[in-house]
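Peer 1: Got a structure for you, written out below as structure tokens; questions coming shortly.
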Amino acid sequence: MNKTIRRASVFCLLLVLALLVRVTWVQAYEGKALAENKNNRRTKIAQYAAPLGNIIVGGKAITGSKKVDAGDFAYKRTYTDGPLYAPVTGYSSQVYGATQLEKLYQDVLNGSDNRLKNPLDALTGKRADPGNVLTTIDPEVQKAGYAALKGKTGAAVAIDPATGEILGVVSNPSYDPGRISGSNDKEAWAELSAHEGAAMTNRALRQPLSPGSTFKLVTAAAALENGLYDSVDTPTDSPNPYTLPGTRTVLQNENRSAPCENATLRTAMRYSCNNVFANIAYKLGQDKMREMAEKFGFNDRKQDTPVRAYPSVYPEKKASPDLVAQTGIGQFDVTATPLQMAMVAAALENGGKLVAPHMVSEVTDADGNVLESHRDAATKQVVSERTAELLRETMKTVVEEGGGKPAQVDGAEVGGKTGTAQHGVNNSKNPYAWFTAYGKAGGKSVAVAVIIENSDTDRSEIGGGKLAAPVAQKMIAAALGT
2 MNKTIRRASV FCLLLVLALL VRVTWVQAYE GKALAENKNN RRTKIAQYAA
52 PLGNIIVGGK AITGSKKVDA GDFAYKRTYT DGPLYAPVTG YSSQVYGATQ
102 LEKLYQDVLN GSDNRLKNPL DALTGKRADP GNVLTTIDPE VQKAGYAALK
152 GKTGAAVAID PATGEILGVV SNPSYDPGRI SGSNDKEAWA ELSAHEGAAM
202 TNRALRQPLS PGSTFKLVTA AAALENGLYD SVDTPTDSPN PYTLPGTRTV
252 LQNENRSAPC ENATLRTAMR YSCNNVFANI AYKLGQDKMR EMAEKFGFND
302 RKQDTPVRAY PSVYPEKKAS PDLVAQTGIG QFDVTATPLQ MAMVAAALEN
352 GGKLVAPHMV SEVTDADGNV LESHRDAATK QVVSERTAEL LRETMKTVVE
402 EGGGKPAQVD GAEVGGKTGT AQHGVNNSKN PYAWFTAYGK AGGKSVAVAV
452 IIENSDTDRS EIGGGKLAAP VAQKMIAAAL GT
């Protein structure tokens, strides 16, 4: 063999070795990344090659799969009562991806999760039968909130205070995720994406807004926990009218004739006296107020239900005394989601203990074997049992004698707090109507928070008691079975 042939042979051998090394590298190290690449159509085709597993509510599947007659995809996702449960499921689209539970448990639902595979499946690479996601949602509570919010822009959350189980997550306007589950839904996607995707926004978990006077529960908790007052019937030494510290601005009360001067916490909660709670925040200072808010869950940037909720905020950047005073009434830069305000009510009903809220109880394989369990959620003591009891007394006063009367439920103990939060420059837009409450009867309990962002109600009639409390009442009654 001459020298030229030998060199060519060696060169060809090196090329073959390089090719083998590259193929091995791609298969062994880059295969997973390529398989998960959003532009890899084969992955999508495999995902919808067979029926998907289901999301379960109240023991029944609220999702399904439908055989497709044409195209690359054999099946597409379907939804039962899609608009009702969209804030829970999210969507699973052949084109636009997935959100919420559909996204978080995508591998379980399409059978690619390694926990679903038996040894033979793992050896052959065969896709396992899909698993299911069991939620904590109570269908009656969900339906009650959805019906009560009809015609309004807003949201509501209901939680079992003892377990942290989320019983209802309602957001309106809603949408039908089935409209965008296929491969040719451009018109529906464009419609739902209009106005920054307002129809697909999960207002219950992912739209923090000014909580207004519902935040006064947090302010009152801070006052009691820091020893500012020893009971809810102690005069608070609160001037009325109240001038914001360092300014000439007088903070008005909604009810100008209410007995708010030096009012007790019980009276101040009933009449929602701004002067009392602004003065408390000023006396305690920003650090103590923020500390109490964070115990309830504010500023938590990893609030998972398991869907990641947007953080509710108590300002961390140092603020002037007048602005700190305004935080005491849920204004300035304080924001909260309905989930967060339901957490506040839940902790107070549960003796000061906050159980981590969650909407998934178990994740199972096709045979019902449990892959994940969330039944024993983390618990922390937010306030003392005595503080929780005292604040429940003030909340009962609001419902029995104050603006929360529309939340009363026959045969149940209900306590709540109304809120009307300013919105827009110089309060130029319609305010937000809030209500957060707890209810208990017959060994059952529930905590609810509702926000109405917009309705066809005249501005003068907008208030947490008038608009939001009736929604809470329906959800409480459904949860308690009264």
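Numbered according to this note's numbering, the sequence shown terminates at residue 483, and the numbering increases by one at each position without gaps. Cβ coordinates follow ideal geometry from the N, Cα and C atoms, glycine included. No experiment lies behind these values; they were computed from the predicted model shown.
1) Which term fits P240, buried or exposed, when burial requires 16 or more other beta carbons within 10 angstroms of its beta carbon?
2) From A9 to L372, what distance separates their C-alpha atoms?
3) Apart from the five residues just before and just after I453, which ones in its own chain have a Cβ nearer than 6 Å to its Cβ?
4) Report the start-end ranges of each beta strand (DSSP E) in the segment 163-188 that is 3 residues or longer and not cut off at the edges.
5) Residues in the same chain with beta-carbon distance under 7 Å from T483, minus the five sequence neighbours each way, listed in chain order, please.
6) Can you give me the start and stop residues for the alpha helix (DSSP H) that L272 sits inside?
7) Which residue or residues does DSSP assign as beta-bridge partners of V158?
8) Roughly how many angstroms separate the alpha carbons of L105 and H196, rounded to a whole number?
9) Report yes or no: do the segment 350-366 and the segment 128-143 share at least 3 C-beta pairs separated by less than 8 Å?
10) Along the chain, where does the alpha helix (DSSP H) that runs through V277 open and close?
11) For S258, count neighbouring Cβ atoms within 10 angstroms of its own Cβ and tell me buried if that reaches 16, exposed if not.
12) When burial is assigned at 16 or more other CB atoms within 10 Å of the CB, is N256 buried or exposed?
13) Given a threshold of 16 other Cβ atoms within 10 Å of its Cβ, counted over all protein chains shown, does N370 qualify as buried or as exposed?
14) How big is the Cα-Cα spacing for N203 and N351?
15) For S94 versus T79, is the C-beta distance shorter than 8 Å?
16) So what does DSSP say about Y147, is it helix, strand or coil?
17) What does DSSP give as the partner residue(s) for I57 in the beta ladder?
18) To test your reading of the DSSP string, which unbroken beta strand (DSSP E) runs of 3 or more residues are found completely within the segment 302-371?
19) Under the three-state reduction of DSSP, which class applies to R116: helix, strand or coil?
20) Figure out for me which residue from A347, Q304 and M290 has the closest Cα to the Cα of P316.
21) Taking 8 Å as the limit between beta carbons, can you name the residues of its chain near R393, skipping five residues before and five after?
22) Would the segment 290-309 and the segment 171-184 be scored as touching if the rule is three or more Cβ pairs under 8 Å?
23) Please say whether V158 and V170 have beta carbons closer to each other than 8 Å?
24) For Y86, which of helix, strand or coil comes out of DSSP?
25) With a threshold of 7 Å on Cβ separation, who are the neighbours of S1 within its own chain once the five nearest residues in sequence on each side are excluded?
26) In whole angstroms, what separates the C-alpha of P246 from that of Y283?
27) Got a sec? Which residues, its chain only, sit under 7 Å from V69 by beta carbon, not counting five neighbours each side?
28) On the CB-based measure, 16 or more other CB atoms within 10 Å of its CB, does N55 come out buried or exposed?
29) For a test of the three-state rule: what should DSSP assign to K289, helix, strand or coil?
Peer 2: Quick look at the numbers:
1) The residue is exposed, with fewer than 16 neighbouring Cβ atoms inside 10 Å.
2) 57 Å
3) For I453, the CB contacts under 6 Å within the same chain, skipping 5 residues up- and downstream, are K153, G155, A434, L468 and A469 in chain order.
4) Whole beta strand (DSSP E) segments, 3+ residues: 167-173.
5) Excluding sequence neighbours, T483 sits near V410, D411, G412, A413 and A442.
6) Here residue 272 is Tyr; the residue named in the question, Leu, does not match the sequence. Y272 -> alpha helix (DSSP H) spans L266 to Y272.
7) Answer is V170 and A450.
8) About 26 Å.
9) yes
10) N275 to L285
11) exposed
12) exposed
13) exposed
14) 27 Å
15) no
16) helix
17) A62 and L135
18) 354-356 and 361-365
19) helix
20) M290
21) Within the same chain, R393 has close Cβ partners L349, E350, G416 and Y439.
22) When Cβ pairs closer than 8 Å are counted between the two stretches, the segment 290-309 is seen not to touch the segment 171-184, the count staying below three.
23) Result yes, Cβ atoms of V170 and V158 sit closer than 8 Å.
24) helix
25) Here the chain has residues from 2 to 483 only, and residue 1 is not among them.
26) 8 Å
27) A75, Y76 and K77
28) So N55 ends up on the buried side.
29) helix
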